[in-house]
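Protein chains in written order, with this note's numbering: chain A, 4 to 434; chain B, 4 to 434. Just so you know, even glycine gets a beta-carbon here, dropped at the ideal spot from N, CA and C. Predicted, not measured: the structure shown is a model, and the values here were computed from it.
There are 2 protein chains.
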Amino acid sequence: MSFIKTPIKGMPEHLPRDMAVREFVINRIKENYGKYGFSLIETPAIEHIENLSNREGGENEMLIFRIMKRGEDLERAVETGDPAALCDCGLRYDLTVPLARFFANNMNALSLPFKALQVGSVWRADKPQKGRFRQFTQCDIDIIGDHSNLAEIELVSATAGMLHELGLGDFTVRINDRRILKAMAAAAGFPEDRYGEVFVILDKLDKTGVDGVRDMLAAGGFSAGSIDAYCGFFSGGGKEARSSCSGYFAGRLDGVLPEGILSGLDEIMRSAGKIMNGGDIVFDPSLVRGMSYYTGPIFEIALADTSALSLSVAGGGRYDEMIAKYTGSRTPVPACGISIGLERIITILKDRIDTNAGKDSAVYLIPPGADSRRLEELFIKAKKMREEGKRVMISPKNKNMKNQIDRLLELGYAEFIELAPEGEKTLNVKG
Amino acid sequence: MSFIKTPIKGMPEHLPRDMAVREFVINRIKENYGKYGFSLIETPAIEHIENLSNREGGENEMLIFRIMKRGEDLERAVETGDPAALCDCGLRYDLTVPLARFFANNMNALSLPFKALQVGSVWRADKPQKGRFRQFTQCDIDIIGDHSNLAEIELVSATAGMLHELGLGDFTVRINDRRILKAMAAAAGFPEDRYGEVFVILDKLDKTGVDGVRDMLAAGGFSAGSIDAYCGFFSGGGKEARSSCSGYFAGRLDGVLPEGILSGLDEIMRSAGKIMNGGDIVFDPSLVRGMSYYTGPIFEIALADTSALSLSVAGGGRYDEMIAKYTGSRTPVPACGISIGLERIITILKDRIDTNAGKDSAVYLIPPGADSRRLEELFIKAKKMREEGKRVMISPKNKNMKNQIDRLLELGYAEFIELAPEGEKTLNVKG
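In structure tokens form, the structure reads like this:
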């Protein structure tokens with residue numbers, strides 16, 4: 004049997020320096036969201052295949068890592084000759100499906116509205132490629148049981164606060180609403196059964212511009228009148244025009260959009276905008292987001308990168324209909340969340356964070372054959388130093404001590420003491 | 004398609020109160036081991052099936068959650084008609100196999116000796132039963148690249164320090180050595196190809212006593228002389244006799260055990276024993292441990308439970324031959340580790356820890372139709388309080404406010420303010 008030393012393709016390994024940054028960022032995220040009243044929960048990595056393949060997960064459902072049945076169940080499944088029957092569960096591809104199931108299963112034990120924070124791995128069997136992993140970490144906050152836009156305001160404010168605290172204050176929140184997307188398509192006169200296609204095309208506006216969208220719609224055989232009317236919604240104005248969505252539409256959606264939706268979105272923008280620390284929040288009528296389960300406001304947050312490219316780091320929205328599918332009740336359960344991609348934030352922060360700052364530490368190097376009584380004294384002394392909070396490494400001295408010290412300097416150790424035969428000898432090391 | 008609200012059988016869900024305890028304990032463990040110079044690393048949850056089924060994992064290899072191949076690989080495998088061909092990877096069942104692979108893959112980037120800390124989920128497809136989960140968390144520390152018993156001393160000391168810091172100072176470390184186990188079997192004259200069977204029987208001594216071991220060996224057809232000689236090794240003395248293993252054997256293993264092994268074990272006990280804070284370390288000639296990969300000292304740590312039962316919380320040992328199988332080199336890479344079962348520690352601690360201690364917090368309850376300008380003022384005020392470190396929950400006021408407040412009291416909130424039409428109104432709530 005051969006042993007394979009490389010990880011499965013596309014799966015990440017985190018070395019000490021990388022992990023120190025991850026821990027630093029994750030702890031800040033937990034702390035910050037904790038101050039907004041979000042409570043950590045955790046769900047299993049493995050979910051029923053029925054829940055993962057329920058057609059709410061969009062393209063992610065094609066990327067499931069499927070787990071085989073076990074024991075007699077597997078034997079019976081093999082006999083059927085149907086490969087689909089071999090699998091009964093899979094690894095979660097996001098934290099929203101598990102949260103909806105978790106809430107339905109535990110709702111009687113939870114305080115409502117329930118403000119959940121999750122930090123966990125998700126898995127997608129994507130084609131491995133540079134910078135895209137098949138196991139990665141999502142940080143999700145969700146508010147379940149609040150139908151008012153207090154939920155959206157708190158989600159956006161908390162995430163803005165978190166980005167600010169991490170030193171990522173230069174960001175833009177773009178906001179839209181699923182119902183506005185539908186109203187624009189209705190106002191343009193597209194047939195309702197083809198809205199999905201229209202949104203897939205609209206989603207490419209960032210890359211192709213309005214003219215590209217126009218061409219793709221024409222290629223799709225939509226009527227010229229509809230295309231003209233539709234594209235008119237996306238040609239308007241700069242940042243100023245996008246600070247209010249009531250203003251943006253100026254009555255153009257009257258009759259196709261229920262009252263209160265535009266003003267509700269404006270309220271979110273105004274309230275969240277007041278506490279943004281340098282970040283921005285704007286209405287973006289072309290924001291689509293892929294998941295089919297969204298029912299109301301949707302948002303996406305992008306950082307102004309040093310390379311002047313915008314980099315999406317978070318996204319989310321309201322999904323008021325998903326949880327009732329798990330509770331089995333007819334009563335809808337309002338829900339709303341934001342998901343942050345940890346790896347993107349870490350890529351940006353990794354060279355900025357000094358994880359060793361303020362850490363008092365020392366290394367004791369032990370040459371071969373050191374006197375055992377002196378060693379015992381060292382153990383006792385080191386124990387005391389550790390109890391006082393100091394980081395103390397006791398390590399055999401390598402033949403190539405220079406290389407050993409260089410590596411330990413990278414881990415943040417500054418003080419090096421050799422337990423030489425004549426006594427402790429502090430080494431003169433340049434950090 | 005039906006939605007299932009219960010988790011997969013045997014998979015844990017962690018609610019807010021449970022998670023707060025877990026976070027508290029995990030953070031203390033990380034902090035404590037960090038002070039001993041262990042660096043956090045992380046490996047993927049998924050490993051090559053070849054590495055998981057390499058016959059080093061003992062019974063765990065029968066408990067693998069196997070993951071199906073994907074895309075064309077799956078299609079080709081289905082055509083073969085062989086169910087074993089359908090799987091190319093699986094979920095890890097421990098953190099030692101992934102660490103060995105990780106080290107072999109990254110050794111040029113790591114400082115030697117490499118002191119690794121891992122906190123991560125592992126999965127075992129055990130039959131679900133009360134108190135045993137199919138996804139659970141292990142905390143492992145390992146020292147790779149140190150052949151001296153400095154490694155064992157540091158592992159045991161660091162774990163003793165961690166238990167002490169968690170308020171679990173009343174523990175016993177039992178220590179033995181794989182080579183001593185073999186020497187006892189050799190001295191008793193058992194045939195070498197049946198040592199494995201003998202150790203499986205010896206492993207039951209805790210439950211059956213020496214007489215039970217004697218009966219099982221007889222049932223196995225071993226010679227009476229060998230059984231007598233073997234059982235003689237386990238009849239000796241109380242705690243006093245077990246404080247030194249050289250003393251315990253008093254020359255009885257001369258000729259079957261290389262020099263230095265007994266004195267090396269005594270050195271570990273003496274050095275670690277000096278810094279144990281109330282914990283104990285004793286030699287236990289009947290300690291076996293199941294994994295076949297151990298090559299030297301092995302240990303197990305048990306807590307003196309309130310119910311006076313001893314509860315094993317950690318175990319480990321030296322496995323000098325495993326890593327070379329991944330590096331592919333003939334040079335052995337010394338390695339030694341201890342694994343802690345987080346769930347056991349949490350079971351004991353969960354009622355002792357006040358995770359809300361010292362947290363300043365407040366809840367603002369918002370009645371329906373609250374004035375939006377006053378709400379905006381509240382958002383700004385809450386932002387400031389959060390920046391100053393306070394936990395602030397802003398939540399719609401439920402119809403059943405008493406129930407709402409009771410649940411929030413459980414989450415540690417103490418101060419409740421209603422945004423009433425006439426202004427902020429502090430509620431008189433008894434915690």
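{"Query": "The segment 162-171 of chain A touching the segment 17-34 of chain A, judged by at least three CB pairs closer than 8 Å", "Result": "yes"}
{"Query": "CB of Val395/B within 8 Å of CB of Met404/B, strictly", "Result": "no"}
{"Query": "Range covered by the beta strand (DSSP E) that runs through Val285/A", "Result": "283-286"}
{"Query": "Where Tyr186/B falls, given that 16 or more other Cβ within 10 Å makes a residue buried", "Result": "The sequence shown places Ala at residue 186/B, not Tyr. Counting Cβ neighbours within 10 Å, Ala186/B comes out buried, since at least 16 surround it."}
{"Query": "Selection from Arg20/B, Pro19/B, Gly40/B that minimises the alpha carbon distance to Ser364/A", "Result": "Gly40/B"}
{"Query": "Under the three-state DSSP convention, the category Ile144/B falls into", "Result": "strand"}
{"Query": "Tyr39/A at chain B interface by Cβ criterion, 8 Å", "Result": "yes"}
{"Query": "Interface positions of the segment 315-330 of chain B facing chain A (Cβ-Cβ less than 8 Å), listed along the chain", "Result": "Lys328, Tyr329, Thr330"}
{"Query": "Contacts of Asn431/B in chain A (Cβ-Cβ under 9 Å)", "Result": "Chain A residues near Asn431/B: none, gap ~20 Å exceeds 9 Å."}
{"Query": "Beta carbon proximity, Ser246/A to chain B, threshold 8 Å", "Result": "no"}
{"Query": "Cα-Cα separation between Asn438/B and Leu306/A, rounded to whole angstroms", "Result": "Since the displayed chain B opens at 4 and closes at 434, residue 438/B lies outside it and no answer follows."}
{"Query": "Closer than 8 Å at the beta carbon, the chain B residues around Asp149/A", "Result": "Ser398, Pro399"}
{"Query": "Endpoints, the beta strand (DSSP E) within which Tyr367/A is located", "Result": "364-369"}
{"Query": "Buried or exposed (CB count within 10 angstroms, at least 16 for buried), Gln138/A", "Result": "buried"}
{"Query": "Under 8 Å from the C-beta of Lys8/B: neighbouring residues of chain A", "Result": "Arg104, Ala107, Asn108, Tyr329, Thr330, Gly331"}
{"Query": "Cβ-based contacts, 7 Å cut-off: residues of the segment 407-425 of chain B near chain A", "Result": "Gln407, Arg410, Leu411, Leu414"}
{"Query": "Backbone CA spacing between Ala107/B and Asn152/B [nearest angstrom]", "Result": "22 Å"}
{"Query": "Test item: CB-CB of Lys328/A and Phe6/B under 8 Å", "Result": "yes"}
{"Query": "Closer than 8 Å to chain B by CB, Thr46/A", "Result": "yes"}
{"Query": "Under the three-state DSSP convention, the category Thr46/B falls into", "Result": "coil"}
{"Query": "Residue-level contact to chain A via CB, Pro15/B, 8 Å cutoff", "Result": "yes"}
{"Query": "Min CB distance Asn179/A to chain B below 8 Å", "Result": "no"}
{"Query": "Close-in-space but distant-in-sequence residues of the same chain around Ile204/A (CB under 8 Å, 5 per side omitted)", "Result": "Val216, Met219, Leu220, Gly223"}
{"Query": "Cα-Cα separation between Glu421/A and Asp91/B, rounded to whole angstroms", "Result": "48 Å"}
{"Query": "Short Cβ contact (8 Å threshold) for Met14/A with Glu45/B", "Result": "no"}
{"Query": "Neighbour flag for Ile349/A against chain B, beta carbons, 8 Å", "Result": "no"}
{"Query": "Length of the line joining the Cα atoms of Gly392/A and Arg197/B", "Result": "50 Å"}
{"Query": "DSSP three-state assignment for Met3/A, whether helix, strand or coil", "Result": "The structure shown does not extend to residue 3/A, since chain A is modelled only from 4 through 434, so no value can be given for it."}
{"Query": "Three-state secondary structure (DSSP) of Leu169/A", "Result": "coil"}
{"Query": "Contact list for Met459/A against chain B, beta-carbon separation under 7 Å", "Result": "Residue 459/A falls outside the range modelled here, since chain A spans only 4 to 434, and no answer is possible."}
{"Query": "Pro131/A classed as buried or exposed, judged by whether at least 16 other C-beta atoms fall within 10 angstroms", "Result": "exposed"}
{"Query": "Buried versus exposed, by CB contacts within 10 Å (16 or more), Ile301/A", "Result": "buried"}
{"Query": "Contact residues within the segment 258-287 of chain B, judged by C-beta distance below 9 Å to chain E", "Result": "Of the chains in the structure shown, none is chain E; the protein chains are A and B."}
{"Query": "8 Å Cβ shell around Ile230/A - same chain, five flanking residues per side excluded", "Result": "Ala191, Arg217, Leu220, Ala221"}
{"Query": "Lys210/B - containing alpha helix (DSSP H), residue span", "Result": "208-222"}
{"Query": "Under 7 Å (Cβ pairs) to chain B, residues found in the segment 82-102 of chain A", "Result": "Pro86, Leu89, Cys90, Cys92"}
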